[in-house]
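In the numbering used here, the protein residues as written are 8 to 282.
Just so you know, even glycine gets a beta-carbon here, dropped at the ideal spot from N, CA and C.
Bear in mind the structure is a predicted one, so any value in this text is a computation, not a measurement.
Take a look at the structure below.
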């Protein structure tokens, strides 16, 4: 058998293994997500939910993500205002720059920046924490004592991530839109009244609802992925580092796909609100 045939067979087997692993991982993510939501709802209704763990995780996530989120939102607002302002000047539509800036940031920019921060800062922190507990066999100890790691560790983190994602989206939107307003009005491109009038005329409450819906979905996906990778980490510190890397990469890919799906569904259901 030639070397090319051997290489081709090896490549085919590698593709099959990767495909099989991807299917298994997708199934495990769905199972973990459903189990986490079920544990979250039943524990809250049964008054067994660990609110102290929720508060600790929410404060921790806020500390690790708030400042980076603001620092990313400011240049995002600058880039958006500069690019849109240049195009608006070319076609003589500077009076609509406020609407385009505001709606673009609210519908797409704020949720995307939030998703990156949740996947990068929050997701990596969750994965490293749970991964360290796994390799130290703390997760196995909880199971031996009859305590569900999903109820005790994953569910509070999911609720905390959803809460932080909702608030971060508001902060990103306000920071980016304020930056764009300062860049356009401060540069003399358009008056403050015309800028705000165009934004108020074309924006709708549904835009804010869409942004917050995306934030909830993104926060849930990133937390489930991080928790799954952390709970299945193995191989000591190197295994935890590999799990964190895998969690961030997989989260970004899934969040990008979810963003496209939600945006397309919104355009199909509300065509009059398409940007």
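Around the Cβ of residue i, are there at least 16 other Cβ atoms within 10 angstroms (buried) or fewer (exposed)?
i	result
residue 221	buried
residue 54	exposed
residue 276	exposed
residue 153	exposed
residue 268	exposed
residue 271	exposed
residue 124	buried
residue 22	exposed
residue 148	exposed
residue 1	Any question about residue 1 goes unanswered here, given that the chain covers just 8 to 282.
residue 84	buried
residue 216	exposed
residue 59	exposed
residue 141	buried
residue 228	buried
residue 146	buried
residue 52	exposed
residue 111	buried
residue 260	exposed
residue 24	exposed
residue 255	buried
residue 182	buried
residue 281	At residue 281, the pLDDT of 47 sits below 50, so the modelled position is not reliable; the number obtained from the coordinates is stated separately. Flag for residue 281 reads exposed.
Closest by CA to residue i, which one among the options?
i	options	result
residue 213	115, 246, 131	115
residue 6	233, 274, 276	Because the chain in this structure spans residues 8 to 282, residue 6 falls outside the shown range and cannot be described.
residue 38	74, 161, 182	161
residue 263	126, 145, 253	126
residue 241	144, 119, 42, 121	144
residue 178	250, 235, 56, 119	119
residue 265	236, 122, 134, 56	122
residue 251	181, 261, 134	134
residue 86	150, 190, 71	190
residue 61	249, 158, 258	158
residue 34	64, 210, 204, 235	235
residue 76	176, 42, 65	176
residue 137	202, 71, 64	64
residue 56	151, 44, 71	44
residue 32	197, 257, 202	257
Measure the beta-carbon distance from residue i to residue j and round it to whole angstroms, keeping in mind my assumption that it falls under 8 Å.
i	j	result
residue 47	residue 166	6 Å
residue 199	residue 192	5 Å
residue 238	residue 163	Not a contact, Cβ separation roughly 14 Å.
residue 69	residue 171	6 Å
residue 139	residue 218	The pair is not a contact, with the Cβ atoms about 34 Å apart (cut-off 8 Å).
residue 36	residue 231	6 Å
residue 168	residue 226	4 Å
residue 113	residue 180	5 Å
contact_flag[the segment 121–130, the segment 22–31] where n(CB pairs < 8 Å) is 3 or more: Too few Cβ pairs lie closer than 8 Å, so no.
Stretch-stretch touch, CB-based, cutoff 8 Å, three pairs: the segment 178–190 with the segment 75–89: They touch, by the three-pair rule.
Within the segment 171–234, ranges of the alpha helix (DSSP H) (whole runs, at least 4 residues): Within the segment 171–234, the runs of alpha helix (DSSP H) at least 4 residues long that lie entirely inside it are, in chain order, 199–209.
Whole alpha helix (DSSP H) elements within the segment 103–143, 4-residue minimum: Fully enclosed alpha helix (DSSP H) runs of 4 or longer: 104–111, 117–124, 130–142.
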